[in-house]
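Written out below as structure tokens is the structure these notes cover.
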Amino acid sequence: MLKPIYWKLAPKLKRFLVKKLKQFSMLGKINFVVTLSINSTPFRIPMSNGIGYENVFMTEMWMVEVLKRVSTLNSGSFLDIGANIGQSLLKLRAVSKTTPWLGLEPNPACSAYLSNLIRINNFEKSLLIPIGLYNSCDLLQLDFFAEGNAVDSGASLVKNPAFRPSRPVIFSQTVPVFTYSDIQKFSPEAPGIIKIDVEGGEYEVLESLVDLLQSEHPIILIEILPMSSEEDTFAKNIRLETYFNDMNYLLYRIEKNQERFSHLVLLEAIGTNKEPTGWDYLAVPLVMQETVEKNFPC
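With the UniProt record's numbering, letter number 179 in the sequence shown gets 179, and the count goes up by one each step, no holes.
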């Protein structure tokens, strides 16, 4: 009797251990693996040099339900722009083990961790390219805003002073950026789903994807962050709205209820989207509107 109970409790005990190690600033001194399940699918989560906490204590679980629904609408690969330490990859693999995944991540610390995550879980059809996606090929400064966090999910390439004027840059790192046309040959299939989480650099990424959107019509999961003022936020969002209109795409806001997916809201305008609960959107080709609204509560 004790053995099955022990194994049932082990993941919870490990999560408790992770939390306590972080509380006492010891997380970076011990490397180990936590086993946990997402959507009833088991995963091995490495805790390496203090990195992996965000995978053990996963947030934005609404994405699992969205991916379940979206994956039935569009075939093709999953293009993960801003892969960080694999949060979206884990959610995708909780829904599909066979969908090809192409991840782009410019932060070297994130890329190193993510490569290990892929390896120890034996993820198939999963390719990581350690670069950022941009509207040109260049070397840019990736700014970090979180003290002592080498995998800061808020790290950004945006240099606009209106983006985060009250948050000091803790340190910067030079990273390579490429256009989609430079790396598309590495995608085993044309993307059917794209996830964009690039901390304010949404437009520059979308500029790189014009040809792809026009030819393949992928569904896009995108985080759109506000600027520091309403005026700058409106200007940025109007630019994004114009882009999607020109591409013949509709924009839905993803509504949640306590971290769970609730429904989609079709938008005429993004507005000021100040609250974090209003930062996540689904961009859908106009020709797919009826199909999407049959598969999602709206």
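Using N, Cα and C, we set each Cβ at its ideal position, and we do this for glycine too. Remember, predicted model here, so these are calculated numbers, not experimental data.
Item	Value
In DSSP terms, what Ser115 is bridged to	DSSP, once it has assigned bridges, lists no residue as partnering Ser115.
Three-pair Cβ contact test at 8 Å for the stretch 116 to 123 versus the stretch 178 to 188	no
Range covered by the alpha helix (DSSP H) that runs through Met63	62 to 70
Sub-8 Å separation of Phe261 and Trp62 beta-carbons	yes
Beta bridge counterpart(s) of Ile219 as assigned by DSSP	Ile193
For Tyr6, the three-state DSSP class (helix, strand or coil)	For Tyr6, the predicted model reports a pLDDT of 39, less than 50, meaning its position is unreliable and no value from the coordinates is stated.
Contacting residues, own chain, Cβ-Cβ under 6 Å from Ile220 (five flanking each side not counted)	Ile194, Ala283
Distance CB(Gly132)-CB(Pro108) smaller than 8 Å	no
Residues near Ser156 in its chain [Cβ-Cβ closer than 8 Å; skip 5 each side]	Leu142, Asp143, Phe145, Phe163, Arg164, Val198, Glu199, Gly200, Gly201
Under 8 Å between C-beta atoms of Gly103 and Pro218	no
Of the listed residues Pro297, Ile222, Arg239, nearest to Asp80 (C-alpha basis)	Ile222
Reduced DSSP secondary structure (H/G/I, E/B, other) of Met227	coil
Endpoints, alpha helix (DSSP H) assigned at Asn257	No alpha helix (DSSP H) holds Asn257; the beta strand (DSSP E) holding it covers 249 to 257.
Length-filtered (4 minimum) alpha helix (DSSP H) runs lying within the stretch 81 to 140	87 to 95, 108 to 120
Three-state class that DSSP yields for Val34 in the structure shown	strand
Cβ contact (3+ pairs, closer than 8 Å) linking the stretch 282 to 298 and the stretch 83 to 99	no
Exposure label - Val110; buried when at least 16 CB within 10 Å	Reading off the sequence shown, one finds Cys at residue 110, where the question assumed Val. That one is buried.
Reference Lys256; option with closest CA among Leu264, Leu250, Tyr249	Leu264
Buried or exposed by the 16-neighbour rule on C-beta atoms within 10 Å, applied to Asn273	buried
Stretch-stretch touch, CB-based, cutoff 8 Å, three pairs: the stretch 46 to 66 with the stretch 15 to 32	yes
Inter-residue Cα distance where the pair is residue 329 and Ile270	Here the chain comprises residues numbered 1 to 298, so residue 329 is not present and cannot be evaluated.
Contacts around Tyr243, its chain only, beta-carbon distance under 6 Å, and the 5 residues preceding and following it disregarded	Leu206
Residue environment, Arg253, which counts as buried when at least 16 other CB atoms sit within 10 Å	buried
Alpha-carbon spacing of Asn149 relative to Ile51, whole angstroms	9 Å
Collapsed DSSP secondary structure at Met288 in the structure displayed	helix
8 Å contact criterion, which Ala190 and Glu216 should meet: CB distance rounded	5 Å
Contact set for Gly154: own chain, Cβ-Cβ below 7 Å, skip 5 residues either direction	Phe145, Ala146, Glu199
Proximity below 8 Å, CB of Leu250 to CB of Cys298	no
Contact check, Asn135 vs Ser208, beta carbons under 8 Å	yes
Residue range of the unbroken alpha helix (DSSP H) whose run includes Val158	Counting along the chain, Val158 falls outside any alpha helix (DSSP H), and DSSP gives it neither H nor E.
Three-state secondary structure assigned by DSSP to residue 299	Nothing can be reported for residue 299, as the shown portion of the chain is limited to 1 through 298.
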